[in-house]
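Its first residue numbered 3, the sequence shown is counted upward by one per residue in the numbering used here. Just so it is clear, CB atoms sit at the ideal spot from N, CA and C, and this is done for glycine as well. Given the structure is predicted, the values throughout are model-derived calculations rather than measurements. What follows is one structure encoded as structure tokens, with my remarks underneath.
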Amino acid sequence: MTRQVIEYAGIPVGIVVPDKGALKFIAVKFHVYDLDGQHFASASDVLRAIHQLASPSTGNLNRAA
């Protein structure tokens with residue numbers, strides 16, 4: 003695998019690329035930029051992190067334009 007597109011709610015929000023034995027997330031949407039450069043064990047871990055950003059308690063995705 004060279005890269006994988008990560009979609010959230012049907013919208014591409016970033017990609018993951020192999021890096022140092024993990025998957026490095028590269029954000030392409032501003033509302034997930036807090037995760038940019040972070041390493042994850044799997045694409046599903048990235049989606050969980052995005053979901054946490056989108057949760058009503060943090061509201062980050064709700065403020066995105």
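Using the Cβ count rule (16 or more neighbours within 10 Å means buried), how would you classify V34? In the sequence shown, residue 34 corresponds to position 32, counting from 1. It is buried - the Cβ of V34 has at least 16 other Cβ atoms within 10 Å.
Local Cβ density within 10 Å of I8, reported as buried at 16 or more and exposed below that: Mapped onto the sequence shown, residue 8 falls at position 6. If you draw a 10 Å sphere on the C-beta of I8, you find 16 or more other C-beta atoms in it, and that means buried.
State the CB to CB distance for the pair V15 and K31, rounded to an integer number of angstroms; the pair is presumed to be in contact (CB under 8 Å). Position 13 of the sequence shown, counted from the start, is the residue given in the question as residue 15. Position 29 of the sequence shown, counted from the start, is the residue given in the question as residue 31. At roughly 4 Å, the Cβ-Cβ gap stays under 8 Å, so V15 and K31 are in contact.
Residue range of the beta strand (DSSP E) that includes Q6: Within the sequence shown, residue 6 is the residue found at index 4, counting from 1. Run containing Q6: Q6 to Y10, per the beta strand (DSSP E) assignment.
For V19, count the other beta carbons within 10 Å of its own beta carbon; 16 or more makes it buried, fewer makes it exposed. Which is it? Against the sequence shown, residue 19 aligns to sequence position 17. Under a 10 Å Cβ-count criterion, V19 is classified as exposed, with fewer than 16 other Cβ atoms of the shown protein chains found around its own Cβ.
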